[in-house]
Amino acid sequence: MIKELAEIDIKPGCEQAFEQAAVLARDLFLGSKGCIAFRLHRSMEQPSRYRMFVEWETIEDHMIEFRNSDAFLEWRRLCGSYFQNPPRVEHLAVIVEGRSEDLAVAAE
Numbered sequence: 025m026i027k028e029l030a031e032i033d034i035k036p037g038c039e040q041a042f043e044q045a046a047v048l049a050r051d052l053f054l055g056s057k058g059c060i061a062f063r064l065h066r067s068m069e070q071p072s073r074y075r076m077f078v079e080w081e082t083i084e085d086h087m088i089e090f091r092n093s094d095a096f097l098e099w100r101r102l103c104g105s106y107f108q109n110p111p112r113v114e115h116l117a118v119i120v121e122g123r124s125e126d127l128a129v130a131a132e
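Take the position in the sequence shown, starting the count at 1, then add 24; the result is the number in our numbering.
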């Protein structure tokens, strides 16, 4: 599994409109080949900054399948006009992961 991290700065005053468009765009991602999950987070310190996390089965599912699809064009049509500048995108691999309940189970 690959995690896409996109840092997105939105034009000030457009946050609510962007969030509404992102609700519609979520299904474009989730309906795409290899997409496992979609999350959009808003910065508390910088309210015009968002971080989008998308989980893909493979990097090719994102970079080839999705980027060359009608869903990508529609995502950009819905949300692109709110971007302050192009999103900064990275691909991440999980190295260490844990949850607090994991400690409780281990202690039993």
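Backbone N, C-alpha and C fix where the C-beta goes; we use that ideal spot for every residue, glycine too. Just so it is clear, the structure is predicted and the values come from calculations on it, not from any experiment.
Residue range of the alpha helix (DSSP H) that includes Ala41: Reading the sequence shown from its first residue, position 17 is the one you call residue 41. Residues 39-54.
Contacts around Leu29, its chain only, beta-carbon distance under 8 Å, and the 5 residues preceding and following it disregarded: Position 5 of the sequence shown, counting from 1, holds the residue named residue 29. These residues qualify, in order along the chain: Arg75, Met76, Phe77, Val113, Glu114, His115, Leu116.
Reduced DSSP secondary structure (H/G/I, E/B, other) of Glu121: The residue labelled residue 121 in the question sits at position 97 within the sequence shown. Correct three-state label for Glu121: coil.
Under the three-state DSSP convention, the category Arg100 falls into: Here residue 100 refers to the residue found at position 76 of the sequence shown. It is helical.
Assigned exposure category for His86 - 16 Cβ within 10 Å defines buried: As a working note, residue 86 is residue 62 in the sequence shown. Buried: at least 16 other Cβ atoms inside 10 Å.
Within 9 Å, strictly: CB atoms of Cys38 and Tyr106: Position 14 of the sequence shown holds residue 38. Position 82 of the sequence shown holds residue 106. Cβ atoms of Cys38 and Tyr106: closer than 9 Å.
Distance between Phe53 and Glu89 (C-alpha atoms, nearest Å): Locating residue 89 in the sequence shown gives position 65, where the first residue counts as 1. Locating residue 53 in the sequence shown gives position 29, where the first residue counts as 1. Roughly 11 Å separates the two Cα atoms.
Under 9 Å between C-beta atoms of Lys27 and Glu84: The sequence position of residue 27 within the sequence shown is 3, counting from 1. The sequence position of residue 84 within the sequence shown is 60, counting from 1. Not closer than 9 Å, so no.
Spatial neighbours of Leu48 in its chain, beta-carbon cut-off 7 Å, leaving aside the 5 residues before and after: To locate residue 48, count along the sequence shown from 1; it is residue 24. Result list for Leu48: Leu102, in chain order.
The beta strand (DSSP E) enclosing Glu31, as first and last residue numbers: Residue 31 sits at position 7 when you count from the first residue of the sequence shown. From DSSP, the beta strand (DSSP E) with Glu31 extends over 26-33.
Pick from Ser72, Glu81, Ser124, Glu98 that is closest to Val118, judged by C-alpha positions: Taking the sequence shown and counting its residues from 1, one reaches residue 118 at position 94. Of Ser72, Glu81, Ser124, Glu98, the residue nearest in Cα terms is Glu81.
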